Amino acid sequence: MSALRTVRQLTAASARLTLPKNLARGLPLSALRPTVTRTFTASARSLKAADSPASRQLAQKLREELNYEEETTSDEIPQFLADFKESGVWKIEDTPANDEVFITRTFGEEKIRIMFSIADLHNIDPEEDEPSEDANAQVEEPSPEFRVLLSITKPNHPGALNAYLYCTEDEIHPVTLGFYKSARVAQELTIEADFLRRTVYTGPPIEMLDLGLQEDFGSFLRERNIDGELAAFVPLYAKWKEQREYMEWLRGIESFVAA
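Per our numbering: the sequence shown = residues -9 to 249.
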């Protein structure tokens, strides 16, 4: 018992403050708190981000690129676009800063929508436009293809027809033709609708169908002005829009970096 009492006395003694009472009473409370060392400097807080060397360099390069594009890009409406609008067949729905474009029209009671994205321009291999270095080559390289999505609905039917088409050398080439029981699923631009579209059977490739059926579907498209003129217009408009979106992109990035 005496040994246990001795251990308790030693533990209690070690837990007490070792400072003299008169010294502890004279110290301010802040002196008893742990000291935290501040590692940041005043210069880091006062530096404006736009004044950093890298920011100034980037802003300058962006401005130079934008100046070049502004000098080499005309503000006038190109003739191909003026002619397309003058025909009055199609209506263009183009939202600035959006890479998707819609071209719409009516045919009787049908509502026809063509959708394409200027992002598909970057999927075209520029080498496809270059001639072969082999002068003796007899095989012609395929022309660049620009993809569009056709969707047709009717007020007296709940479904819709969707078809993927490719524009090549002023020609429309249908690839697939799908029927959707729900027009909402066929046209709605949501993640849910896109997932449902991926699960729908869209039939065999058009080129695998009976030749007569292929020709009839081609006539069906041409009757609705989905033809060579449209195939020529879509890539031209995509390039024209992409140039303007690129310039706006440069302005936005430059203004942010320089702010």
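Glycine included, C-beta positions come from ideal geometry on N, C-alpha and C. If you're wondering where the values come from, they're calculated on a predicted model, not measured in any experiment.
Kindly indicate which residue of A176, I196, M198 has the alpha-carbon position closest to the one of R188.
Reading the sequence shown from its first residue, position 198 is the one you call residue 188. Closest in C-alpha terms to R188, from the list A176, I196, M198, comes A176.
So, for E135: in the same chain, excluding its five sequence neighbours on each side, which residues have a beta-carbon less than 6 angstroms away from its beta-carbon?
If you number the sequence shown from 1, residue 135 lands on position 145. The residues are Y156, T158.
Confirm, please, whether the CB-CB distance from A248 to A40 is below 9 angstroms.
Here residue 40 is taken as the residue at index 50 of the sequence shown, counted from 1. Here residue 248 is taken as the residue at index 258 of the sequence shown, counted from 1. In this structure, A40 sits near A248, with a CB-CB distance shorter than 9 angstroms.
Taking the alpha carbon of F97 as the reference point, which residue from K38, K171, L211 has its own alpha carbon closest?
Residue numbering aside, residue 97 sits at position 107 when the sequence shown is read from its first letter. Nearest of K38, K171, L211 to F97, Cα basis: L211.
Are there three or more Cβ pairs, one per stretch, closer than 8 angstroms when the segment 98 to 112 is compared with the segment 212 to 232?
Cβ pair count under 8 angstroms is three or more, so yes.
Alpha carbon to alpha carbon, what distance is there between R214 and E244?
Taking the sequence shown and counting its residues from 1, the one referred to as residue 244 is at position 254. Taking the sequence shown and counting its residues from 1, the one referred to as residue 214 is at position 224. Cα-Cα distance, rounded: 44 angstroms.
Taking the straight line between their C-alpha atoms, what separation do you get for T85 and I104?
For the purposes of this step, residue 85 is taken as residue 95 along the sequence shown, with counting starting at 1. For the purposes of this step, residue 104 is taken as residue 114 along the sequence shown, with counting starting at 1. Their Cα atoms are separated by approximately 15 angstroms.
Considering S141, what are the terminal residues of the beta strand (DSSP E) in which it resides?
Working through the sequence shown from its first residue, we reach residue 141 at position 151. DSSP places S141 inside the beta strand (DSSP E), whose first and last residues are 136 to 144.
Contact under 9 angstroms by Cβ, I82 with F92:
Residue numbering aside, residue 82 sits at position 92 when the sequence shown is read from its first letter. Residue numbering aside, residue 92 sits at position 102 when the sequence shown is read from its first letter. In contact: I82 and F92 (Cβ atoms closer than 9 angstroms).
Assigned exposure category for S64 - 16 Cβ within 10 Å defines buried
Within the sequence shown, numbered from 1, the residue matching residue 64 stands at position 74. Burial call: exposed.
Proximity of T166 and E100 at Cβ, strictly below 9 angstroms
In the sequence shown, residue 166 corresponds to position 176, counting from 1. In the sequence shown, residue 100 corresponds to position 110, counting from 1. Contact: no.
What are the residues that DSSP puts in a beta bridge with I104?
In the sequence shown, residue 104 corresponds to position 114, counting from 1. DSSP output for I104 lists I93, L140 as bridge partner(s).
DSSP three-state call for L151: helix, strand or coil?
Here the question's residue 151 lines up with position 161 in the sequence shown. Residue state, collapsed to three classes: strand.
If you measure between the beta carbons of Y170 and A153, is that distance less than 9 angstroms?
As a working note, residue 170 is residue 180 in the sequence shown. As a working note, residue 153 is residue 163 in the sequence shown. Cβ distance not < 9 angstroms, so Y170 and A153 don't count as in contact.
Roughly how many angstroms lie between the CA atoms of E161 and E66, to the nearest whole one?
Counting from 1 along the sequence shown, the entry for residue 161 is found at position 171. Counting from 1 along the sequence shown, the entry for residue 66 is found at position 76. In a straight line, the C-alpha of E161 is about 27 angstroms away from that of E66.
Let me confirm a value: Q128 is counted as buried when at least 16 other C-beta atoms fall within 10 Å, else exposed. Which label applies?
What you label residue 128 is simply residue 138 of the sequence shown in a count that begins at 1. Confidence at Q128 is low in this model, with a pLDDT of 46, below 50, so its placement is unreliable and the value that follows should be read with caution. Exposed.
Considering only C-alpha positions, which residue in the set A49, E59, E54 is nearest to M237?
In the sequence shown, the residue the question calls residue 237 occupies position 247. With distances taken between CA atoms, M237 lies nearest to E59 out of A49, E59, E54.
Does DSSP put E99 in a helix, a strand or coil?
As a first step, residue 99 is located in the sequence shown; it is residue number 109 there, counting from the start. Reduced to three states, the DSSP call for E99 is coil.
What is the DSSP secondary structure of K51, reduced to helix, strand or coil?
For the purposes of this step, residue 51 is taken as the residue at position 61 of the sequence shown. In the structure shown, K51 adopts helical secondary structure according to DSSP, grouped into three states.
Would you say G208 and P164 are within 9 angstroms of each other, going by their C-beta atoms?
Working through the sequence shown from its first residue, we reach residue 208 at position 218. Working through the sequence shown from its first residue, we reach residue 164 at position 174. Taking 9 angstroms as the cut-off, the Cβ atoms of G208 and P164 count as close.
Bounding residues of the alpha helix (DSSP H) (the contiguous stretch that carries L199):
As a first step, residue 199 is located in the sequence shown; it is residue number 209 there, counting from the start. Counted as a single uninterrupted DSSP element, the stretch harbouring L199 is not any alpha helix (DSSP H), since DSSP gives it neither H nor E.
Can you tell me where the beta strand (DSSP E) holding P164 begins and where it ends?
Taking the sequence shown and counting its residues from 1, the one referred to as residue 164 is at position 174. For P164, the uninterrupted beta strand (DSSP E) segment begins and ends at 161 to 170.
Under three-state DSSP, which class holds E83?
Start at 1 with the first residue of the sequence shown, and residue 83 comes out as number 93. Three-state DSSP puts E83 in a strand.
Does the Cβ of I181 have 16 or more other Cβ atoms within 10 Å, making it buried, or fewer, making it exposed?
Locating residue 181 in the sequence shown gives position 191, where the first residue counts as 1. By the Cβ neighbour-count rule, I181 is exposed, with fewer than 16 other Cβ atoms within 10 Å of its own.
Span separating the alpha-carbon of V38 from that of V138
Stepping through the sequence shown from its first residue, residue 38 is reached at position 48. Stepping through the sequence shown from its first residue, residue 138 is reached at position 148. For the sequence presented, residue 38 should be read as Lys rather than Val. Using only the alpha carbons, I get a separation of about 46 angstroms.
Measure the alpha-carbon distance for R53 versus W239 and round it to whole angstroms.
By one-based count along the sequence shown, residue 53 stands at place 63. By one-based count along the sequence shown, residue 239 stands at place 249. Roughly 12 angstroms between the two C-alpha positions.
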